[in-house]
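Report on the following structure.
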Amino acid sequence: MLHNEHLRLASESYEVKHDNNGNAMHVYIDQYQNAYIFNCLNAFVRYVYFGADTWIAQTKVSKLSRIYELETYIPNELVTLALDKGLISIYNQKELDIIASG
262 MLHNEHLRLA
272 SESYEVKHDN
282 NGNAMHVYID
292 QYQNAYIFNC
302 LNAFVRYVYF
312 GADTWIAQTK
322 VSKLSRIYEL
332 ETYIPNELVT
342 LALDKGLISI
352 YNQKELDIIA
362 SG
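Take any residue in the sequence shown, count from 1 to its spot, add 261: that is its number in my numbering.
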């Protein structure tokens, strides 16, 4: 299931995509068509409204549909798969380490 909403500017939006295993990927699309991927809504809000560096990966909107098709949305696995398939080139290792440590 995909849910999409516009934010402060008409050119900014938020999407949440659920996989079939109870996991979700939260995505912020900025006015330049960059897509920032987050592991939870709280991380998304902290980034968009408070400037916290909480995204786990960044890509272009044109690659999102292929990322949505990946078999898992578990953060570390998602980033590994997306890197292997050339769907992302920038990721936030610090945030991935925080997520992995629980």
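Every residue, glycine too, gets a C-beta built ideally from N, C-alpha and C.
Host beta strand (DSSP E) of residue i (start-end)
i: residue 320; result: 318-321
i: residue 350; result: Where residue 350 is concerned, there is no enclosing beta strand (DSSP E), given that its DSSP letter is neither H nor E.
i: residue 275; result: 274-279
Whole-Å CB distance - residue i paired with residue j, under 8 Å assumed
i: residue 316; j: residue 298; result: 6 Å
i: residue 321; j: residue 294; result: 6 Å
i: residue 296; j: residue 342; result: With 8 Å as the limit, residue 296 and residue 342 do not qualify as a contact, their Cβ atoms being about 16 Å apart.
Of the residues the options, the one placed nearest residue i, counting alpha carbons only
i: residue 348; options: 300, 331 and 275; result: 331
i: residue 275; options: 281, 287 and 283; result: 287
i: residue 291; options: 338, 319, 333 and 359; result: 319
i: residue 279; options: 350, 295, 335 and 355; result: 335
i: residue 333; options: 307, 273, 272 and 284; result: 284
N- and C-terminal bounds of the alpha helix (DSSP H) containing residue i
i: residue 329; result: 325-329
i: residue 332; result: Counting along the chain, residue 332 falls outside any alpha helix (DSSP H), and DSSP gives it neither H nor E.
**OP:** Go through the stretch 283-316 residue by residue and report every complete run of the alpha helix (DSSP H) that reaches 4 residues or more, in order.
**Re:** Whole alpha helix (DSSP H) segments, 4+ residues: 302-311.
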